[in-house]
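Colleague: This is the structure, below, for whatever I ask next.
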């Protein structure tokens, strides 16, 4: 028995008003077709017997088992009754019984699935979970046969059978969904506030799992219909003189050599009705679960006030370009969003010399991570990367990398990503993953590459490297994995390390170890470093030079030593002031920046920081400042660079404006 | 208001001992910081305090009486770390705060109380009908604070409440915590991995490692003259200590 | 009714989700994980087995009325009914009957058919190979079709690519998956038996008899499996470790086949296993369409004639097959992805 389509994954917590998204259902052609078909089936179920009932029962002994003709489009059965009429009339019974069955399955499943949560863990809850686990292992048809034996053949028995057979799957689905929501903090908060479990279930849990349940119920209805037909087809479902599609199929297959239409007609009906339910369910799933992304990527590039090509901003790196391991000019990264293009990076230019450590610091929406990914050609195919110059170690990365460039990058460019827990392939041993670099790019044999891998692991201070090389990633701790990532980058001869928030997910003590390791790597071979972080203190400590990014642009480029003393841009100064340190004045409120970081999907005209800047004037809101040489030798993009800030902005009882959600 | 006391509390998950014989007191009206890294057990201790997890042994008392973990009267409340999962996305912020209010009172009274609480955390009370999706991370944490305060708690447990926020917004929430503590005399157990933040809000600090408290005392003293090696290690690892 | 593949979300056991148990410093590695895994899995198998056995025993006793009377018909003489009941041990207390039942299972005695008076064990032994061969061939065909199609489509429809392909594939696979196996069987009978007469459509006369039933059985699950593989592939291609592989500048085929594919397959394996179990059940319907001499036809006729010992035994055999399949899948999963051994129940 085919159990039909796959339900989709659980959608993330709804961010939109639920009603609006349902309208999306009607915008896709499949959704429209499915809805129409389903409506037709339901209407047919309602009116079928009334319209064609008489015709379906009309016995005509002169015309037994006839093939299709103009009088009887699908021929007649062994009592001369019109088959097509019988198929149409059978809609009601088929659909009604299936809906009854699925309702039973959903209700029982819902109750069983919610029980473990209601019982709050404990032995009974575990018993229920285990019971459902055992039941779910058995295919539905088997369970249906089991219950069919118990409840007896016939329509009632079949409804009960299919209903109870389908319950374990819904119970399991409900359990998983409920457990997922119950793990969220707002459920815990409600419990801590003293709200009773039942109320929490009804008020918080079920509304947030309703959507996937509805989707699965719709698809389940389709399955129930098919299963019911199957049971009747076997002779275990609806019994004569009643008839549903399955029963008609049962009758039809007996005479398939005489009148094939007797079997094909009800078969087609089953198929169409099943499709109606399934496609409908699928469409709902698509509408609710997956965010709609704009079609083809068409991103208009916006130029700032001054033409970009003519007045080229001074690059920070000194001339002598062979010294530059990374040379970026006018980098733009954008991708399609639900409300138009999202410009994550809006014209970034900088250079990194050999051996230099450059930090890129910014908050959410600043574009710092995208910059790092873009310069390493790792943004993914849905992002559009443009630059007037993008060279890594002399190779032009604006075009897709050919084999030579790939080898160059694979050996000379090392990447360290943010989340060490997911950065390694979980099904492969660490040693092989490191060795892969050597076998692919350095032409080493497997044995040699593995030896080198063990050597690299040792050099990043992982103890017992010979044993560790044979272990899987889940046997390494977070800090060890980051060190292994660095070790992987050392398999070649890296000239540049790009580290995207390498220590954010790590404990403070481990963070220090990893940063020390990076410093050692740099010192050993004059390796350049690009360190991306939201933590301005870390960047200030590790790097020679710091780029401060805001809303997709570099707003300041200054030596790290000047961060707390001679920063020119108001955002840089505010950022440094806002971080509590061990020397922060305890008697005064912490410096904050009013408002919130810019959403890359809605970048304002003019200077993006103007809305939060105490120095902002009319010019700032209209004209976006260019990045120019600052008074202290770095670069800054501000119309009021270096001006003294007004007396400490202590945010009084401000009422934060709530921004419209994108 | 009374003192929250952990008396030799041990918490186990299966066979693993996550909190090991911890004794700690949050004196009335003070903010006690709890620092530690991942696996130290600090979050578990917090969850035990509000009844989300039951201790295997030991007692958690408030003013001498065991902290109630069932029923409507819950004098120990909690604010969670992740602002994006601590508010029910389908409820308005007014409803979220109101749910935590003690029973009773007319609808008008409850509405007024919700408005008062929103004002307290510097949010516009006229926007009580907004859904969480329209708020920023910092604003959500403030709603979470308002919700915790709605239950008229004697102690609030703050579990890494600023760790998930942008730096520029963190300060506002921390300032609010200090303000509430000053105005309401709020007792608080403030959990964080960030020593600088804890230093800013807490008058006493306890350091946790591997499920145990390794050091405890007035903040200034512990940070200036750490007695335990691990505290020294934590202090040394704070970024910016070795600034050029 | 259950949708086997609707256990997509359902298949992950909430209790074993590591996210619900807090993490602690240090990797969660137990000593000799293989041993603990094997012990746990064997324990689960035994419990499920016991539930199955008890359920099949209880099945008869849950039926309202007298099963023997129902089998022999209302006109049978009362003494015959009583004698038969005595012979079947139905007069003994329930627990004694249960003990006898268990004893019989262990010794291989599954009772006697009410209809033919033949030992049930013989009937089962005679018909089991036909069903097994059908199910196995269908599974192999489904996998052979689904995996390459799923992987290829997955690569084609990864993020930022092939939106139209995705729509076409999804709709197409839903349509194909909706066609019930027995309906497909009927259509195949009509096309190849009635109209074209190319292939045999009844009974098992040799290799050519397998073609149509296997096809009918395999097509639907193949569509579902292809879909699952595609979804998993697309998901895996977004994973961080695939980005790492790209960062290592490995050639695309290496990234897709060496890194993405194994992880997509392990994720698909759980559901693939469920699909295999549903195939086992699907044989019931397909065998009836093609008059295939297997257990599927037996169980249906037995239910209709109320030959309960046979029904009981066949349910037991099917259930056992399902349990063994699940265990095999778990073992295969453990071999491919060592993490799955560590998740605690």
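Chains as they are written, first to last, in the numbering used here: chain W, 49 to 710; chain S, 2 to 245; chain A, 25 to 369. Virtual Cβ for every residue (Gly too), placed ideally from N, Cα, C.
#1: Can you give me the start and stop residues for the beta strand (DSSP E) that residue 509 of chain W sits inside?
#2: So is residue 354 of chain W in contact with chain S if we call contact Cβ pairs under 8 Å?
#3: With a threshold of 16 other CB atoms inside 10 Å of the CB of residue 450 of chain W, please say whether the residue is buried or exposed.
#4: Decide if residue 619 of chain W is buried, meaning its Cβ has at least 16 other Cβ atoms within 10 Å, or exposed.
#5: When the distance is taken between beta carbons, is residue 407 of chain W closer than 8 Å to residue 581 of chain W?
#6: Counting along the chain, where does the beta strand (DSSP E) carrying residue 38 of chain S start and finish?
#7: Put residue 470 of chain W into one of helix, strand or coil per three-state DSSP.
#8: Since residue 203 of chain S contacts residue 33 of chain S with CB under 8 Å, what's their CB separation in whole angstroms?
#9: Residue 61 of chain S bridges to which residues according to DSSP?
#10: Please check the pair residue 151 of chain S and residue 101 of chain S, which I expect to be a contact at CB under 8 Å, by giving their CB distance rounded to whole angstroms.
#11: For a minimum of 3 consecutive residues, which ranges assigned as the beta strand (DSSP E) are wholly contained in the stretch 563–613 of chain W?
#12: Expressed to the nearest angstrom, what Euclidean distance is found between the alpha-carbon atoms of residue 46 of chain S and residue 135 of chain A?
#13: Could you check whether the stretch 165–183 of chain W touches the stretch 286–304 of chain A, counting it as contact only if at least three pairs of C-beta atoms, one from each stretch, sit closer than 8 Å?
#14: Take residue 229 of chain W and list the residues in its own chain whose beta-carbon comes closer than 8 Å to its own, dropping the five residues that flank it on each side.
#15: Please decide whether residue 11 of chain S counts as near chain W, where near means a Cβ-Cβ distance under 8 Å.
#16: Of the residues A:241, A:224, A:240 and A:239, which one's Cα is nearest the Cα of residue 233 of chain A?
#17: Using a Cβ-Cβ distance cut-off of 8 Å, determine whether residue 183 of chain A contacts chain W.
#18: I'd like to confirm the pairing. Which residues does DSSP put opposite residue 136 of chain A in its beta bridges?
#19: Counting only the same chain and skipping the five closest in sequence on each side, list residues whose C-beta sits under 6 Å from that of residue 352 of chain W.
#20: If the cut is a Cβ gap below 8 Å, which residues of chain A does residue 474 of chain W touch?
#21: According to DSSP, is residue 110 of chain W helix, strand or coil?
#22: Give the DSSP bridge partners of residue 26 of chain S, in chain order.
#23: Should the stretch 65–80 of chain S be regarded as contacting the stretch 152–168 of chain S, the criterion being three or more beta carbon pairs within less than 8 Å?
#24: Would you say residue 243 of chain W reaches chain S, if we count a Cβ-Cβ gap shorter than 8 Å as a contact?
#25: Can you tell me where the beta strand (DSSP E) with residue 218 of chain S in it begins and where it stops?
#26: Closer than 9 Å by beta-carbon distance: list the chain A residues that pair up with residue 281 of chain W, in chain order.
#27: Could you tell me whether the Cβ of residue 485 of chain W comes closer than 8 Å to any Cβ of chain A?
#28: Classify residue 693 of chain W as helix, strand or coil using the three-state DSSP reduction.
#29: Who are the Cβ neighbours of residue 251 of chain A in its own chain at under 6 Å, not counting the five residues just before and after it?
#30: Which residues in the same chain as residue 154 of chain W place their Cβ atom closer than 6 Å to its Cβ, once the five residues preceding and following it in sequence are excluded?
#31: Do residue 176 of chain W and residue 211 of chain W have their beta-carbon atoms positioned less than 8 Å apart in this structure?
#32: Short of 7 Å Cβ to Cβ, which residues in the stretch 78–105 of chain S face chain W?
#33: DSSP on residue 209 of chain A, reduced to helix/strand/coil?
#34: For residue 319 of chain A, go through chain W and note every residue whose CB falls closer than 8 Å to its CB, in chain order.
#35: So what's residue 630 of chain W in DSSP terms, helix, strand or just coil?
#36: Let me know the secondary structure DSSP gives residue 21 of chain S once reduced to three states.
Modeller: On the basis of the coordinates in this document:
#1: Element bounds for residue 509 of chain W: n/a, residue is neither H nor E.
#2: At residue 354 of chain W the pLDDT is 35, less than 50, meaning the model places this residue with poor confidence; the figure from the coordinates comes in the next sentence. So no, residue 354 of chain W is outside the interface.
#3: Exposed, because fewer than 16 other Cβ atoms sit within 10 Å of the Cβ of residue 450 of chain W.
#4: By the neighbour-count rule (16 or more Cβ atoms within 10 Å), residue 619 of chain W is buried.
#5: Between residue 581 of chain W and residue 407 of chain W, the C-beta gap is smaller than 8 Å, which places the two residues in contact.
#6: Where residue 38 of chain S is concerned, there is no enclosing beta strand (DSSP E), given that its DSSP letter is neither H nor E.
#7: Looking at residue 470 of chain W - three-state DSSP - the assignment turns out to be coil, as it is neither helix nor strand.
#8: About 6 Å separates the CB atoms of residue 203 of chain S and residue 33 of chain S; that is less than 8 Å, so the two are in contact.
#9: Paired residue(s): S:7.
#10: A Cβ-Cβ distance of about 4 Å is found for the pair residue 151 of chain S and residue 101 of chain S, placing them in contact under the 8 Å criterion.
#11: Unbroken beta strand (DSSP E) stretches of 3 residues or longer found wholly inside the stretch 563–613 of chain W: 576–581, 593–598 and 601–607, given in chain order.
#12: It is roughly 60 Å from the alpha-carbon of residue 46 of chain S to the alpha-carbon of residue 135 of chain A.
#13: No, they do not touch.
#14: Correct list, in chain order: 235, 252, 253, 256 and 257.
#15: So, not an interface residue.
#16: Comparing Cα-Cα distances from residue 233 of chain A to each of A:241, A:224, A:240 and A:239, the minimum goes to A:224.
#17: Under the 8 Å criterion on CB atoms, residue 183 of chain A is classed as interfacial with respect to chain W.
#18: Checking the DSSP bridge columns, you'll see residue 136 of chain A partnered with A:143.
#19: In this predicted model, residue 352 of chain W has a pLDDT of only 34, less than 50, meaning its place in the structure is not dependable enough to derive any value.
#20: Within chain A, the residues near residue 474 of chain W are 265, 287, 361 and 363.
#21: Reduced to three states, the DSSP call for residue 110 of chain W is coil.
#22: According to DSSP, which records beta bridges pairwise, residue 26 of chain S is partnered with S:6.
#23: Result yes; three or more Cβ-Cβ pairs closer than 8 Å.
#24: Under the Cβ distance rule, residue 243 of chain W counts among the residues neighbouring chain S, one pair being separated by less than 8 Å.
#25: From DSSP, the beta strand (DSSP E) with residue 218 of chain S extends over 213–219.
#26: 204, 206, 207, 210, 309, 312 and 313, listed in chain order.
#27: At least one beta carbon of chain A lies nearer than 8 Å to the beta carbon of residue 485 of chain W.
#28: Three-state result, residue 693 of chain W: coil.
#29: Cβ within range, chain order: 197.
#30: Around residue 154 of chain W: 218 and 265.
#31: Remark: C-beta atoms of residue 211 of chain W and residue 176 of chain W do not approach each other more closely than 8 Å.
#32: Of all residues in the stretch 78–105 of chain S, only 78, 79, 81, 83, 86, 87, 88, 89, 90, 91, 100 and 101 come within less than 7 Å of chain W when Cβ atoms are compared, listed by chain position.
#33: Correct three-state label for residue 209 of chain A: helix.
#34: What residue 319 of chain A touches in chain W: nothing, since even the nearest Cβ is about 11 Å away.
#35: Residue 630 of chain W falls in the coil class under three-state DSSP.
#36: Correct three-state label for residue 21 of chain S: strand.
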